[in-house]
Structures are given as structure tokens and as C-alpha cells.
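Residues are numbered in the working numbering as their position in the sequence shown, beginning at 1, plus a constant of 4. Backbone N, C-alpha and C fix where the C-beta goes; we use that ideal spot for every residue, glycine too. Read the structure below first, then the notes.
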Amino acid sequence: MSEQVIAIDGPAGSGKSTVARAVAQRLGWSFLDTGAMYRALTWEALGRGLDVHDEDEMAALASSVVLTTLPRVTVNGRDVEDEIRSEEVNIAVSVVAANARVRSCMVERQRAMAAAQPVGTVVEGRDITTVVFPAATVKIFLTASLDERARRRGDEGEDSVARRDEVDSTRAASPLRQADDAFVLDTTGRNVEDVAQEIVQWLKSRSST
Ligand code: DC
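Listed below in C-alpha cells is the structure:
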């Protein structure tokens with residue numbers, strides 16, 4: 005059991021998943037992509053024909069589904085790793101993630117998942133530094149230009165990325181925001197290994213003080 009956490013937040017396409025994965029690999033820690041959890045839940049709701057705006061129905065679904073993110077993203081035993089990146093999910097996921105009861109259920113699961121890891125966990129999302137792990141060992145806010153973020157998101161397009169960021173940053177429940185004590189890292193034009201190395205150095209300097 006370990007409570008060691010590197011928490012990473014930032015908008016869509018800021019490099020969170022790639023960087024978090026690379027940091028976890030360097031350290032031999034686990035990696036938790038919390039966006040994949042909201043996406044898997046959204047995919048399940050759409051597949052069942054539920055109205056994602058129905059807060060009660062979505063809260064009930066959130067507390068009943070079985071979700072895994074590693075080694076693959078699954079919901080109720082079905083592998084949805086590829087399906088959760090679809091356009092339908094991109095559009096609906098911000099609605100699901102704005103539901104406060106869905107969020108509290110996901111936050112509880114995220115804390116339990118991290119607590120069960122043998123060494124430490126690199127966790128990435130939108131509310132990880134502010135709500136899920138406000139006392140994380142290292143807290144990071146990743147940014148990048150909209151142009152570069154849209155390029156990284158490939159088919160999603162600049163408008164869709166910008167719209168999702170707007171919804172995620174202005175919702176009432178745990179909006180995306182920069183924690184006061186987070187390191188801010190602009191990843192525009194930087195490669196993953198370089199950014200991962202910088203984060204590992206921060207962890208080392210924290211551990212030695
Ligand atoms: O990181 P991503 O694009 O896969 O995240 C998908 C959506 O989930 C994103 O629009 C915001 C939401 N999300 C969230 O609200 N809180 C998190 N901790 C992670 C993701």
C-alpha cells in the first residue's frame with residue numbers, strides 16, 4: 005500500500021497521459037488516467053441509450069459499473085480502450101464529468117486505486133491536484149498552446165478541444181483550475197522524455213528535503 009502520488013492536471017491535449025505514463029515508467033510506479041474512467045462511463049451510458057443529462061440515472065450507473073484502466077480500459081468486463089476516444093464520447097463526456105455525484109463516486113474509486121498500488125501512482129486528470137490528491141507529493145499543471153493541443157488530439161479538431169476545455173473549466177463541480185502550489189509546465193514544442201525528466205527531478209528534490 006502506498007500514498008505516494010504525483011498529481012498532474014491540465015486541459016485536453018496538454019500532454020498529461022503521455023507524460024504521466026513516461027514518468028510512471030521511469031519510476032516504476034503505476035499510472036492512472038482518470039479521464040479514461042469518465043470516458044468509459046460515458047461510453048456505457050450511450051451504449052445503454054441513457055440520457056447523459058439525467059443526473060440520477062448517471063449517478064446510479066457510476067456507482068454500479070465495474071471499471072478498470074490498467075492494463076486496458078474496461079467497463080463491466082468489456083474492453084473499450086479504442087471506443088472511448090470516439091466523437092460521440094468526446095461530445096458527451098463533459099456533461100457526465102459535470103455531474104457532482106458521478107464525480108464523488110469516481111474520486112472515491114481513484115483514491116482507493118492509488119492507495120492499493122505497491123510503490124506510488126502518477127495520476128492525471130482535471131481535479132487531481134485540487135480535489136482528489138490535494139496533498140500529493142508533487143503537483144503539476146501542464147499547459148500547451150491551443151494549436152499544438154488540437155494537433156495532438158488529431159481528428160478531434162481545434163473547436164471541439166476548445167469547447168471541451170471551456171465546459172471543463174467553467175462547470176460548478178470541481179472545475180479544471182491551476183492549484184496555487186502546482187508547478188506549471190508549458191509542453192509546447194517540448195518532447196515527452198524531457199518533460200518527464202523534469203518531473204522526476206522535482207520528485208527527487210522533494211524527497212531529499
Ligand atoms: O483527459 P480526457 O480528455 O481523456 O478527459 C475526458 C473528459 O473527462 C474531459 O473532458 C474532462 C473530464 N475529466 C474530468 O472532469 N476530471 C478528471 N479527473 C479527468 C477527466
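CB A64 to CB L45, shorter than 8 Å?
Counting from one through the sequence shown, the residue named residue 64 turns up at place 60. Counting from one through the sequence shown, the residue named residue 45 turns up at place 41. Taking 8 Å as the Cβ cut-off, A64 and L45 do not qualify as a contacting pair.
Between E128 and T38, how many whole angstroms is the CB-CB distance? I'm expecting something under 8 Å.
As a position in the sequence shown, residue 128 is number 124, starting the count at 1. As a position in the sequence shown, residue 38 is number 34, starting the count at 1. About 7 Å separates the two Cβ atoms, so the contact holds.
* Residues sharing a beta bridge with G129, DSSP -> Locating residue 129 in the sequence shown gives position 125, counting from the first residue. Note: G129 sits in a beta bridge opposite D13.
Looking only at DSSP bridge pairs, what is R82 linked to? For the purposes of this step, residue 82 is taken as residue 78 along the sequence shown, with counting starting at 1. R82 is bridged by DSSP to V79.
Bridge partners of D37, per DSSP? As a first step, residue 37 must be located in the sequence shown, where it is residue number 33. Answer by DSSP bridge pairing, in chain order: E128.
Answer yes or no: the CB of A101 versus the heavy atoms of ligand 1, is any distance below 7 Å? In the sequence shown, the residue the question calls residue 101 occupies position 97. True, at least one ligand heavy atom lies under 7 Å from that Cβ.
### Message
Any heavy atom of ligand 1 closer than 7 Å to the beta-carbon of I12?
### Response
Against the sequence shown, residue 12 aligns to sequence position 8. Outside the cutoff, so no.
Report buried or exposed for K208, applying the criterion of at least 16 other Cβ atoms within 10 angstroms of its Cβ.
Translated into the one-based positions of the sequence shown, residue 208 becomes position 204. It is exposed - the Cβ of K208 has fewer than 16 other Cβ atoms within 10 Å.
query = Since L189 contacts G124 with CB under 8 Å, what's their CB separation in whole angstroms?
reply = Numbered from its first residue, the sequence shown carries residue 189 at position 185. Numbered from its first residue, the sequence shown carries residue 124 at position 120. Taking the Cβ atoms as the reference, L189 lies roughly 19 Å from G124, outside the contact range of under 8 Å.
Host beta strand (DSSP E) of L146 (start-end): For the purposes of this step, residue 146 is taken as the residue at position 142 of the sequence shown. For L146, the enclosing beta strand (DSSP E) stretches over residues 142-147.
Note to self: Given this structure, state the Cα-to-Cα distance separating N230 from D55, to the nearest angstrom.
What the structure shows: Any answer about residue 230 is impossible in this case: the structure gives the chain only from 5 up to 213.
task = Could you tell me whether the Cβ atoms of V199 and V23 are closer together than 8 Å?
result = Within the sequence shown, the letter at position 195 stands for residue 199. Within the sequence shown, the letter at position 19 stands for residue 23. Taking 8 Å as the cut-off, the Cβ atoms of V199 and V23 count as close.
* Asked: If we count Cβ pairs, one from each stretch, closer than 8 Å, do we get three or more for the stretch 143-154 versus the stretch 7-16?
  -> Yes, the stretch 143-154 is in contact with the stretch 7-16.
Check your understanding: Exposed or buried, V70, counting other C-beta atoms within 10 Å across all chains shown (16 or more means buried)?
Key -> Indexing the sequence shown from 1 puts residue 70 at position 66. Counting Cβ neighbours within 10 Å, V70 comes out exposed, since fewer than 16 surround it.
- Task: Using a threshold of 8 Å, state whether the C-beta atoms of V136 and Q121 are closer than that.
- Result: The sequence position of residue 136 within the sequence shown is 132, counting from 1. The sequence position of residue 121 within the sequence shown is 117, counting from 1. Q121 sits away from V136, with the two beta carbons spaced by 8 Å or more.
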